[in-house]
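Chains as they are written, first to last, in the numbering used here: chain E, 1 to 317; chain R, 1 to 317.
All C-beta atoms in this analysis are idealised placements derived from N, C-alpha and C, irrespective of residue type, glycine included.
Since the structure comes first, as structure tokens, the remarks are kept for the end.
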């Protein structure tokens, strides 16, 4: 297991800079008053494909040597990693193969195809996904870029908090959502060197709290069929992300589904940015744990902004 | 009638700079492809009170001498001007009186009160509003800041396109929505001096097209009970804004209600910013008039972001 270093992150930033946006940081006096601390929202939803995952994906794609690049990249994902990897591959002009369950939302498939990604559908089971992916990879020779358990991906995600620290002049905390742990790992990687006084907090839905339970238990605990509207956070930790989570995360907090939806509405209304339920989990946990953040300078990673506007979570309530 | 000058706008910018944000410009490769031109969205919805009107309001409020400031400001509005004037008055620590029909949405009243504005309710008629306002002004001595037909307000709104030109390195067009004409007038005021080659386009809902018909007829035509989801654009032109509209607007385009809702969803989805129906009118008209903008650099003023998330226009469809 190769653990990415701070220099890997710096190299990643040089590599991806020409291809991604330096996303803006948004603030709101109203939200500061509401939360009792000073909030700095890093708007990763403002990347062209709408998610921070374009950082890690671009680092992997633009780091390939020419020979491998001809064969392209491959992954399995039905989320933002699939579209961001397709987007990065499109920028470099190389093939991207994506294995996705046939049950994935049409909008996700459309986005991958808009960026030139080629989808091979599988059954919605781990066995079918692994078999199908092995076949696709054998046929295409595409380089496997895992959604998060890949040193290139983690180094790429780490470029986000490098920008955030440069944009804010120092923070007491950075809070990011945790699913597989790619963003949190990149955040730990960067801040442990660049701003060791800044504490990394992971925020997780109560209904998919495998990372929280793992963190408290001291070993990876897999979740049994997690179910949350924060659909970017369903996947489990892996060895590489567990390394960062277990060693460098300062604390982990959870929030209920109702709290996540409330936080999402608050951000849409007062920050006026469109972000996914997953991206609302940090604010939900901050509002749940005001004492821990009182009066502090708190960075919040707004991880993505890809939502179905016709199925907003408060439309049913 | 005093017509504000370019120097008034420059003075306004110096005056309001410490109190407002220099709002960011957002771009999207996807939207550029869709529209066939290069779009630069000036995100005025990212001001603390969520609308460009904080520029003109702040210019009026911070331009008062100390004696007048003690008596504060007063206006009649049930929209963004009311909350932005209250916000600016709160920043200076002076009174703000707002006359508003009792039928105005509770959310609008709440926002004005959150910023310390004092609301006096009237009946939803012009007569009642004027009578009530005269009474409030006589009692308080508050300086009347009209929502748009005021040289201080127009000079303040003009600071938006000054920033936009500085942020974009030149544009062929700037498209802004038109209601009473405050933003359009400020845009004309600034661009006619700073970037005379940049053409100003006004965008209006078909169902509230009094400015369009006035522009074509060569004199102000008042609308008879306009009805559109772009509720920021219901008010008529006045003498001062007509001066700019009739002399300096290059062209005016309209869009249907369905086109406005479509454009709003496109911006929410692909630009990932929360903006009002009124702010979607420019993109709707650009998509309606592709030939006019083909291959050009086009600035778009995203005027505001105050919406009721529980009553989005596509929720009923």
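Using C-beta distances below 6 Å, list every residue in its chain close to residue i, excluding the 5 sequence neighbours before and after it, in chain order.
| i | result |
| --- | --- |
| residue 6(E) | 193 |
| residue 56(E) | 153, 156 and 157 |
| residue 76(R) | 99, 129 and 133 |
| residue 212(E) | 204, 252 and 254 |
| residue 317(E) | Confidence at residue 317(E) is low in this model, with a pLDDT of 48, below 50, so the placement of that residue should be treated as unreliable; the coordinate-derived value is given next. Excluding sequence neighbours, residue 317(E) sits near nothing in its chain. |
| residue 285(R) | 203, 253 and 255 |
| residue 289(R) | 253 |
Given the structure, does residue i come close to the ligand FMN, in the sense that its CB is under 8 Å from one of the ligand's heavy atoms?
| i | result |
| --- | --- |
| residue 283(E) | For the structure depicted, the ligand FMN is absent and the ligand set is empty, with no information on it obtainable. |
Quick check: residue i and residue j, are their CB atoms within less than 9 Å of each other?
| i | j | result |
| --- | --- | --- |
| residue 16(E) | residue 78(E) | no |
| residue 174(E) | residue 54(E) | no |
| residue 245(E) | residue 201(E) | no |
| residue 156(R) | residue 12(R) | yes |
| residue 35(E) | residue 271(E) | no |
| residue 278(R) | residue 303(R) | yes |
| residue 41(R) | residue 267(R) | yes |
| residue 118(E) | residue 96(E) | yes |
| residue 228(E) | residue 234(E) | yes |
| residue 186(E) | residue 161(E) | yes |
| residue 61(R) | residue 82(R) | no |
| residue 20(R) | residue 177(R) | no |
| residue 25(E) | residue 168(E) | yes |
| residue 210(R) | residue 223(R) | yes |
| residue 307(E) | residue 276(E) | yes |
| residue 101(E) | residue 124(E) | yes |
| residue 9(E) | residue 283(E) | no |
| residue 314(R) | residue 265(R) | yes |
| residue 292(E) | residue 281(E) | no |
| residue 208(E) | residue 196(E) | no |
| residue 309(R) | residue 309(E) | no |
In this structure, what does DSSP give as the bridge partners for residue i?
| i | result |
| --- | --- |
| residue 42(E) | 25(E) and 301(E) |
| residue 76(E) | 99(E) |
| residue 176(R) | 202(R) |
| residue 209(R) | Bridge partners of residue 209(R): none, in fact. |
| residue 53(R) | Partner(s): none; residue 53(R) has no beta bridge. |
| residue 118(E) | 97(E) |
Let me check understanding here. Comparing Cα to Cα, which of the options lies closest to residue i?
| i | options | result |
| --- | --- | --- |
| residue 205(R) | 256(R), 235(R), 195(R) and 242(R) | 256(R) |
| residue 294(E) | 172(E), 23(E) and 313(E) | 172(E) |
| residue 251(E) | 104(E), 184(E) and 88(E) | 184(E) |
| residue 181(E) | 103(E), 147(E) and 30(E) | 147(E) |
| residue 69(E) | 220(E), 164(E), 166(E) and 91(E) | 91(E) |
| residue 111(R) | 143(R), 292(R), 49(R) and 4(R) | 49(R) |
| residue 164(R) | 221(R), 18(R) and 22(R) | 22(R) |
| residue 219(R) | 247(R), 312(R), 195(R) and 225(R) | 247(R) |
| residue 86(E) | 195(E), 116(E) and 107(E) | 116(E) |
| residue 144(R) | 63(R), 243(R) and 226(R) | 63(R) |
| residue 296(R) | 43(R), 199(R) and 71(R) | 199(R) |
| residue 166(R) | 18(R), 28(R) and 191(R) | 191(R) |
| residue 14(R) | 159(R), 312(R), 226(R) and 170(R) | 159(R) |
| residue 243(E) | 149(E), 290(E) and 170(E) | 149(E) |
| residue 65(R) | 114(R), 311(R), 94(R) and 107(R) | 94(R) |
| residue 319(R) | 261(R), 67(R), 221(R) and 179(R) | Residue 319(R) falls outside the range modelled here, since chain R spans only 1 to 317, and no answer is possible. |
Among the residues of its own chain, which have a CB less than 7 Å from the CB of residue i, if the five just before and after it don't count?
| i | result |
| --- | --- |
| residue 32(R) | 38 and 39 |
| residue 1(R) | 239 and 240 |
| residue 4(R) | 151, 154, 155 and 189 |
| residue 30(R) | 270 |
Quick one: residues in its chain with C-beta nearer than 8 Å to the C-beta of residue i, no 5 flanking neighbours on either side, listed in chain order?
| i | result |
| --- | --- |
| residue 109(E) | 100 and 119 |
| residue 74(R) | 96, 97, 98, 99, 133, 136, 137, 140, 142, 143, 144 and 145 |
| residue 215(R) | 202, 245, 246, 249 and 252 |
inquiry  = Which complete alpha helix (DSSP H) runs does the region 241-293 of chain R hold, if anything under 4 residues is left out?
reply    = 257-270, 277-288 and 290-293
key: Any alpha helix (DSSP H) of 4 or more consecutive residues that is wholly inside the region 126-200 of chain R   = 126-140, 151-157, 159-168 and 182-194
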